[in-house]
Amino acid sequence: MAVSSVSAVHASELLVEKKSFTTKNFATVSGEVIPEVTIGWEAYGELNEAKDNVILITHFFSGNSHAAGKYTPNDPQSGYWDAIIGPGKAIDTNKYYVLSSDTLVNAFPHLPHVITTGPASINPKTGKPYGLDFPVVTIRDFVNVQHALVTSLGINKLHAVVGASMGSLQALEWSAAYPDMVERMVSVIGAGAMDAWTITALEHWARPIKLDPNWNHGNYYDGEAPLQGLASTLTMITQQAMHPVAFNQSSPKQETLPKAALESVTNGLPATDFWFGAAAKNAPLADANHILYLVRANQLFVAGHEQDLATGLSKVKAKTLFLPAKNDLLLQPYLAKQAVEILKEQDKAPQYAEIDGIFGHLDGVYNIQSKATELAEFINQ
0 MAVSSVSAVH
10 ASELLVEKKS
20 FTTKNFATVS
30 GEVIPEVTIG
40 WEAYGELNEA
50 KDNVILITHF
60 FSGNSHAAGK
70 YTPNDPQSGY
80 WDAIIGPGKA
90 IDTNKYYVLS
100 SDTLVNAFPH
110 LPHVITTGPA
120 SINPKTGKPY
130 GLDFPVVTIR
140 DFVNVQHALV
150 TSLGINKLHA
160 VVGASMGSLQ
170 ALEWSAAYPD
180 MVERMVSVIG
190 AGAMDAWTIT
200 ALEHWARPIK
210 LDPNWNHGNY
220 YDGEAPLQGL
230 ASTLTMITQQ
240 AMHPVAFNQS
250 SPKQETLPKA
260 ALESVTNGLP
270 ATDFWFGAAA
280 KNAPLADANH
290 ILYLVRANQL
300 FVAGHEQDLA
310 TGLSKVKAKT
320 LFLPAKNDLL
330 LQPYLAKQAV
340 EILKEQDKAP
350 QYAEIDGIFG
360 HLDGVYNIQS
370 KATELAEFIN
380 Q
């Protein structure tokens, strides 16, 4: 029984159908139970009879399940990894059934094609949004929801799990949580565990939201959303995800001593107006509490959820490939190297290569094609 989830548009383009999955009474790592969890998912290629040609794609912090293709032929933009997912590409949909899902507490729940459960969802016990009554969730919880989705399709083996940034954490967690299920793991712009530097960097994303008076300790769903704080957070996420070279090239030029800037410290500058303005336009599509929950899930990450990284990685049976970005200032390459060195000490032969480019952390998305050959060889070996 072959299951197809895409249709051909061109040789290099796919039309994708967004689907929904629901699981009941989901038990979280924190020990609480969410009565109903619903996430969106999509897939590319065909599931074979043996159901053993599956590659799971796990998405980054501000992303969603739309990893490749288009929903309609007129969509202005394809999925974020369209360069490497599709017929004849590094992740070849002529061979593999490629599946991707939205996470719990997705950052942008108000995007039309995002389906997620989180603080903005209705709590069936109260009939109102959960707010901060929603349980704290972890990367393992994201993985466990995906596991429920995958097994509901009768899939018990993953040829590979591949993810970028927060997706890389999920990919590695998959290989530690379900070692007999995952054959290959690819961590792009990732880490094995968060350290104090990175945890504190992530906290800078949370603080503007918490300091916005409209946040009101997470109880803003009947009033004004904390969009100013959220816009500041989104601007900071963008800046930290970019290398200064790319950030500066994308910013408007500033004349020497702009008149408005000399008139008042409350007036903006060309670069700040540009970046904060762009974030303000995107802020209504996001949810402040969802961002806070994502930040916390990332801050808590250590592969395997063990007391130390070595113990967590000792569970991994999958072949592993780590592809950090050389100029990444967010999840810096040393974080991937730490996991690689531990896996080597455990005689697990991890593979490692750095993505070069000017985009910094975002090279894992914008410049992933530069590692297409290595990626294809790893997946097909």
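Counted from 1, the sequence shown has number 118 at position 119 by numbering that gives the first Met the number 0; the numbering is strictly sequential. For glycine and all other residues, C-beta sits at the position ideal for the given N, C-alpha and C.
Those residues which DSSP pairs with residue i across a bridge
| i | result |
| --- | --- |
| Y96 | V53 |
| G39 | S19 |
| N122 | K127 |
| M184 | V160 and T319 |
| D91 | G85 |
| I33 | F25 |
| V301 | A192 |
| Y351 | F321 |
| K69 | L14 |
Residue j beta carbon less than 8 Å from that of residue i
| i | j | result |
| --- | --- | --- |
| H304 | P108 | no |
| K17 | E35 | no |
| F300 | M193 | yes |
| I114 | W80 | no |
| S174 | G189 | no |
| A352 | K370 | yes |
| V294 | A205 | yes |
| T116 | I198 | no |
Chain-order list of residues whose beta-carbon lies under 7 Å from that of residue i (same chain, five-residue window excluded)
| i | result |
| --- | --- |
| E31 | P134 |
| F358 | M241, H242, A245, Y365 and N366 |
| P257 | L268 |
| S11 | Because the pLDDT of S11 is 47, which lies under 50, any placement of that residue in the model is unreliable, and the number read from its coordinates should be weighed accordingly. Excluding positions up to five away in sequence, the list reads G85. |
| S120 | P128 and Y129 |
| P251 | P269, A270 and F273 |
| A260 | N266 and L268 |
| I208 | W214, P225, G228, L229, T232, A287, I290 and L291 |
| A282 | L226, L229, A230 and L233 |
Residue interval of the alpha helix (DSSP H) (run including residue i)
| i | result |
| --- | --- |
| K318 | Per DSSP, K318 belongs to no alpha helix (DSSP H); it is in the beta strand (DSSP E), K318 to L322. |
| G276 | P269 to N281 |
| P332 | P332 to E344 |
| T232 | L226 to A240 |
| Y365 | D362 to Y365 |
| D140 | I138 to S151 |
| G166 | M165 to A176 |
| Q248 | P243 to S249 |
| G356 | Element bounds for G356: n/a, residue is neither H nor E. |
| N379 | A371 to N379 |
| A285 | No alpha helix (DSSP H) contains A285, which DSSP labels as neither H nor E. |
| A106 | Segment: none, A106 is in no alpha helix (DSSP H) and carries neither H nor E. |
| G311 | L308 to L312 |
| K258 | K258 to E262 |
Supposed close pair residue i, residue j - CB separation, criterion 8 Å
| i | j | result |
| --- | --- | --- |
| A317 | R183 | 6 Å |
| N52 | H158 | 6 Å |
| H58 | T102 | 7 Å |
| N122 | D132 | 6 Å |
| F321 | A335 | 4 Å |
| Y292 | P118 | 6 Å |
| L13 | A67 | 6 Å |
| S186 | Q145 | The Cβ separation is near 16 Å, so there is no contact. |
Beta-carbon contacts of residue i that lie in its chain and below 8 Å, excluding the five residues immediately before and after
| i | result |
| --- | --- |
| F275 | A230, S231, T234 and G267 |
| I54 | I90, Y95, Y96, V97, L98, L157, H158, A159, V160, V161 and I378 |
| I341 | G191, L308, A309 and L312 |
| P178 | K314, V315, K316 and A317 |
Contact set for residue i: own chain, Cβ-Cβ below 6 Å, skip 5 residues either direction
| i | result |
| --- | --- |
| L410 | This structure leaves residue 410 out entirely; the chain is present only between 0 and 380. |
| L152 | none |
| N326 | H242 and G359 |
| D211 | P225, Q227 and G228 |
| F25 | I33 and V36 |
| A279 | A230 |
| G356 | D362 and N366 |
| A7 | Since pLDDT at A7 reaches only 36, below the 50 mark, its modelled position is unreliable, and the value read off the structure follows with that caveat. Same-chain partners within the cutoff: there are none. |
| F141 | T102, L103 and Q169 |
Cβ-heavy atom distance, residue i to the ligand FAD, below 7 Å
| i | result |
| --- | --- |
| G78 | The ligand FAD is absent from the structure shown, which contains no ligands of any kind. |
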